[in-house]
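Comments concern the structure below.
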Amino acid sequence: MTNQPLVKFAKSARFIGIKAVFASTGLIFALLAAPSYGFETPEQQQADVNSRALVGTVSLVLGKATIESGSPTLSRTVKSGSQVRVHDRIVTSTNGHVHIRFVDDALLSVRPDSRLEITRYDYDPERPALSAVKFDLIEGVTRAISGKAAKAARQRFRLNTPIAAIGVRGTDFTVSAKAGSTRALVNEGTIVLAPFSEDCRADAFGPCGTNSIELSSAAMEVIELDGSTPLPRLVPVTDAQNLTAMRTGVQQAIRSSQGADEASSVENNGARVEEVSAVLVANSVGLVTDNAASDIEDAAVVTEPRPEYTPKQGVEIADVADRQLIWGRYSNAGLGDQERITVLFNEARSGREVTVGNFDYALFRSENDKKRLDSGLNVVSFGLSSAQAFYNSSSGVVAMEVGGGMLDIDFQENSFTTLLNLNHSLTGELEFAAGGRLFGGGFFHSRTDSQSIAGAVSFDGLEAGYFFEQQLLQGDIQGLTLWNSQ
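Per this note's numbering, the very first residue in the sequence shown carries number -6; after that it's consecutive.
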């Protein structure tokens, strides 16, 4: 009798052991059957990506950016025309800038040093009220212009940052996000921002009501949420002139989007307000605190002076004689004493030939025996060497500050992208952005209704230059640039 419990226990133990074996085996089979990037072949991973809903197309790329599709091995370089799917993550480099047009005509701009994931994008044109849209701005700056989905289903749109949720009421807004702070500026419409809590979860949709704050484009303010306060707050924008100029440009871009060439109009009109928007949201927020004065003084101490790309005095031929590319001006052309990087026509053409130009200027280039680009050139990034730019309006012609930029030329794909930062008190900060084809002989150009650009690269790929023009609401901008490979 005393051995019976032991026997029963032994049988029970064997039974438990058998169940454990089957459970472990089932777990193994389950792991083998479950889809996971860690166990899938590259072909299976790509098939999984292709099965996701196609929700947008890249309409503009400046600099370097990638699309990550759930696995580092599925990262691909962003190009104009690249397809965007649900769960794709847009990652931009220091000079990267990506515009995406979605299936419902929404627009999204991802600015440099940013990471943004398209978490969900459900849109049925037959039933737009059932749409659901969600973005996750992990870090960086993005601008979003609502499309048909967000306008028809405002309670099912959400843009999350690491610490806050943003809902809309049919809107164009810009957000800057870091690990411990979020700032948002409204260009058109209204947004609602709230910190995450039990009543405002990251996996939910729409605007949150708890601890939320609302901001419309009528206010000259920015919403800010950071670790210093548990609730979001409204703070004044210190640069009202830039804010007004930016919103005027945004409204023009939105109106232009109703035209026949919608994509081109929005990109070209919208790109020049992107820089102002990002600067205002990320940097130009005046905090009304007791320490405001000391904060400004500290900032003044550590802030490095911006580089000056426009010479204070006009160059002479001796200053640029060793360059392969030189800007020459025709007689009785140019802007007289305001000229900074051009020399006289006869001086510039000595040992060089004309590449591109207009009625006032020509870009002269040193030639080689073959008169064609060197072989083996791939993607070359250029740094700005010197530039001059002028704003022409009814008030006259004034010189603008050129604050920097980027130029990338892909010699394999025969394409170029460029970005130029401009500023004047009459215009505020502006951004000239363009891209297009590289043609035989090292020439590149593009033209739209509001801007044009034409330039050339040296045969060895070490120098480049271009002139540009851009129409504004009042007046226009014209300028010349010279670049060196980095």
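Idealized CB from N, CA, C, for every residue including glycine.
This one's a predicted model, so the numbers in the text were calculated from it and none came from an experiment.
The segment 175 to 201 contains, as complete beta strand (DSSP E) runs of 3+ residues, the segments 183 to 188 (chain order). Residue pairing by DSSP leaves Arg120 without any beta bridge partner.
Measuring C-alpha to C-alpha distances from Ala125 to each of Arg149, Leu109, Arg108 and Thr474 identifies Arg149 as the nearest. Where Glu340 is concerned, the enclosing alpha helix (DSSP H) starts and stops at Phe338 to Ala341. Annotation: the continuous alpha helix (DSSP H) that includes Asp312 extends over Ile310 to Val313. Here DSSP, grouped into helix, strand and coil, assigns Ala355 to strand. Gly202 has its alpha-carbon roughly 16 Å from the corresponding atom of Ser209.
When Cβ pairs closer than 8 Å are counted between the two stretches, the segment 177 to 189 is seen to touch the segment 156 to 164, the count reaching three or more. With a contact defined as Cβ atoms closer than 8 Å, Val391 and His417 qualify at about 6 Å. DSSP places Asp330 in the helix class (H, G or I) of the three-state scheme. Rounded to whole angstroms, the Cβ separation of Gly56 and Asp401 is 6 Å, and the two are in contact under 8 Å.
Considering only Val51, Asp81 and Thr70, the residue with the shortest C-alpha distance to Arg45 is Asp81.
Counting along the chain, the unbroken alpha helix (DSSP H) around Ala145 starts and ends at Lys141 to Ala145.
By the CB criterion at 8 Å, Ala380 and Tyr302 fall inside the cutoff.
Closest in alpha carbon position to Trp476, among Ile138, Ser374, Thr85 and Glu462, is Ser374. For Leu465, the secondary structure class from DSSP, reduced to helix, strand or coil, is coil. The Cβ-Cβ distance between Gly321 and Arg342 falls below 8 Å. Close CB contacts of Ile310 within its chain, under the 7 Å cut and outside five residues either way in sequence, are with Val336 and Glu340 (chain order). Rounded to whole angstroms, the separation of the alpha carbons of Ala146 and Ala197 is 14 Å. Looking from the CA of Ser102, the closest CA among Ala142, Ala58, Lys144 and Lys141 belongs to Ala58. Contact check between the segment 401 to 416 and the segment 448 to 458: three or more CB pairs, one atom from each, fall below 8 Å, which counts as touching. In the three-state reduction of the DSSP assignment, Arg104 falls in the coil class, being assigned neither a helical nor a strand state. Val450 is the residue among Thr474, Ile334 and Val450 whose C-alpha sits nearest the C-alpha of Leu366. The beta carbon of Arg113 is closer than 6 Å to those of Ala125 and Lys127 in its chain, skipping five residues each way along the sequence. Check the Cα spacing between Lys141 and each of Thr164, Thr154, Asp129 and Val134: the tightest is with Thr164. Assignment of beta strand (DSSP E) within the segment 398 to 469, counting only whole runs of 3 or more residues, yields 408 to 417, 421 to 432, 436 to 440, 444 to 450 and 456 to 464 in chain order.
Residue pairing by DSSP puts Pro229 in a beta bridge opposite Glu214. For Thr164, there is no enclosing beta strand (DSSP E), as DSSP marks it with neither H nor E.
The DSSP assignment places no complete alpha helix (DSSP H) segment of no fewer than 4 residues inside the segment 372 to 398. Taking C-beta atoms as the reference points, Leu130 and Val168 count as a pair closer than 8 Å.
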